[in-house]
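So the sequence shown is residues -12 to 287, counted in my numbering. Beta carbons are placed, not taken as given, at the ideal position from N, Cα and C, and that holds for glycine. First up is the structure itself, then whatever we jot down about it.
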Amino acid sequence: GTVKCARCHSSLTYNVITGNGGRYDYSTCAGRLTRRNDCDLPYLPAEDVEEAVRLVWQDERFEPGALDGLKQVMAESLDATAKRDARETHQLDQRIGQVKAERVKWAEQAVDGAVPRDVARAKQAELEDQLRTLEGQRSRVAGGTSGRQHSADEALELLKSLPTAYNDGSPQFRRACNQSWFDCILIDDTETGTTTTGHHTAPVQALRQAADLAVQRTTGDGSDLHDDIRSVKPGVAPATRTNDIRSVAASPPNGVTPGQNTQTAQPRRAEPSGLEPIVVGSSSDYLVAGGGIEPPTSRL
-12 GTVKCARCHS
-2 SLTYNVITGN
8 GGRYDYSTCA
18 GRLTRRNDCD
28 LPYLPAEDVE
38 EAVRLVWQDE
48 RFEPGALDGL
58 KQVMAESLDA
68 TAKRDARETH
78 QLDQRIGQVK
88 AERVKWAEQA
98 VDGAVPRDVA
108 RAKQAELEDQ
118 LRTLEGQRSR
128 VAGGTSGRQH
138 SADEALELLK
148 SLPTAYNDGS
158 PQFRRACNQS
168 WFDCILIDDT
178 ETGTTTTGHH
188 TAPVQALRQA
198 ADLAVQRTTG
208 DGSDLHDDIR
218 SVKPGVAPAT
228 RTNDIRSVAA
238 SPPNGVTPGQ
248 NTQTAQPRRA
258 EPSGLEPIVV
268 GSSSDYLVAG
278 GGIEPPTSRL
């Protein structure tokens, strides 16, 4: 899964713990739960983990200048791709015309008796297969050109409001975002609260570097933005975002003790004692399912 324990990097599992007349939803380190290691990450209330991950996304914003620069580069790239597609379409049209002409020729030869009819039929079937393949290739090229522009527009629109889109998204959408945006999100429990650190995937690292270059380009250094961004290589050290969902001051406010969510001021549940956790797939809207943040199954 994407959400992992910061101490041993095992997946977090979603657990339902029952006993003492209640039901308690927790996220637990799989390494600790299965005793694969000596990890001591406490049981974390599932809603705290949800909130911690949500706050990671609050830092996933792009400067307006960065988006303008990315839009420019994407437009140039789409234009170059469209020209390449036009050349490929022209070549396919020529080849399609040649195949059709050859079919006519073989039909005329069969009618004139120049070739045996069974030979002509076999050749026609062969040409029909070629024509079907070429027309399929042409359709994909034409569809790709319009589809890329639509995808680019949607991507830019999403980048304008990533935190909001994540907050408003369904659990399935959130899982998809986390899987595509982060290699992992590390969860830890400290004296001040639950902390999260998100490590970007290589494509997102490259995107963020490109966005930074776009912002720098607005200062007018005379360099070519398109060439600068094309030179970005993914795979550098992961960018991280660390958030603390319960620590807002050096000392906690009245009525709230360390380990509570200061946004809701709900008492932190004590770690379960003497109760056996039931590891289940997430039937709730929690991100952390039985096998980590995804998929929502009971597999550890």
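Check: CYS164 by DSSP, collapsed to three states: which one?; Outcome: helix
Check: How many whole angstroms separate the CB atoms of GLN96 and VAL102, which I take to be in contact at a CB cut-off of 8 Å?; Outcome: 5 Å
Check: Under the rule that 16 or more other beta-carbon atoms within 10 Å means buried, what is PRO91, buried or exposed?; Outcome: The amino acid occupying residue 91 in the given sequence is Val; Pro does not appear at that position. By the 10 Å Cβ count, VAL91 comes out exposed.
Check: Check whether the region 7 to 20 touches the region 30 to 38, counting contact only when three or more Cβ pairs, one atom from each stretch, lie closer than 8 Å.; Outcome: yes
Check: Could you pull out every unbroken alpha helix (DSSP H) segment of at least 4 residues lying fully inside the region 90 to 170, listed in chain order?; Outcome: 104 to 147, 149 to 155, 158 to 168
Check: Going by other Cβ atoms of all chains shown within 10 Å of its Cβ, with 16 needed for buried, is GLY134 buried or exposed?; Outcome: exposed
Check: Tell me whether VAL106 is buried or exposed, calling it buried when 16 or more other Cβ atoms sit within 10 Å of its Cβ.; Outcome: exposed
Check: Helix, strand or coil: how does DSSP classify LEU200 here?; Outcome: helix
Check: Could you please give the first and the last residue of the uninterrupted alpha helix (DSSP H) stretch that includes ARG10?; Outcome: First-last for ARG10: 9 to 16, but that is the beta strand (DSSP E), not the alpha helix (DSSP H).
Check: Leaving out five residues before and five after ALA198 in sequence, what residues of the same chain have Cβ atoms less than 8 Å from its Cβ?; Outcome: PHE49, GLU50, ALA53, LEU54, GLY56, LEU57
Check: Taking the C-alpha atoms as reference points, what is the distance between THR0 and ASP25?; Outcome: 17 Å
Check: Does GLY278 pass the burial test, meaning 16 or more other C-beta atoms within 10 Å, or should it be called exposed?; Outcome: Its pLDDT being 40, under 50, GLY278 is placed unreliably by the model, and the measurement read from it follows with that caveat. With 16 or more Cβ atoms within 10 Å of its Cβ, GLY278 is classed as buried.
Check: Run through DSSP, which three-state label would HIS186 get?; Outcome: strand
Check: Alpha carbon to alpha carbon, how far is VAL86 from GLN117? Give it in angstroms, no decimals.; Outcome: 8 Å
Check: Short of 7 Å in beta carbon distance, which residues of its chain neighbour ARG104, apart from the five on each side in sequence? Order them along the chain.; Outcome: ALA97
Check: Return helix, strand or coil for SER(-2), following the three-state DSSP convention.; Outcome: strand
Check: In angstroms, rounded to a whole number, what distance separates the CA positions of ARG255 and GLU178?; Outcome: Reliability of the predicted coordinates at ARG255 is poor, the pLDDT of 45 falling under 50, and no value is obtained from them.
Check: Going by other Cβ atoms of all chains shown within 10 Å of its Cβ, with 16 needed for buried, is SER324 buried or exposed?; Outcome: No answer is possible for residue 324: the residues shown for the chain start at -12 and end at 287.
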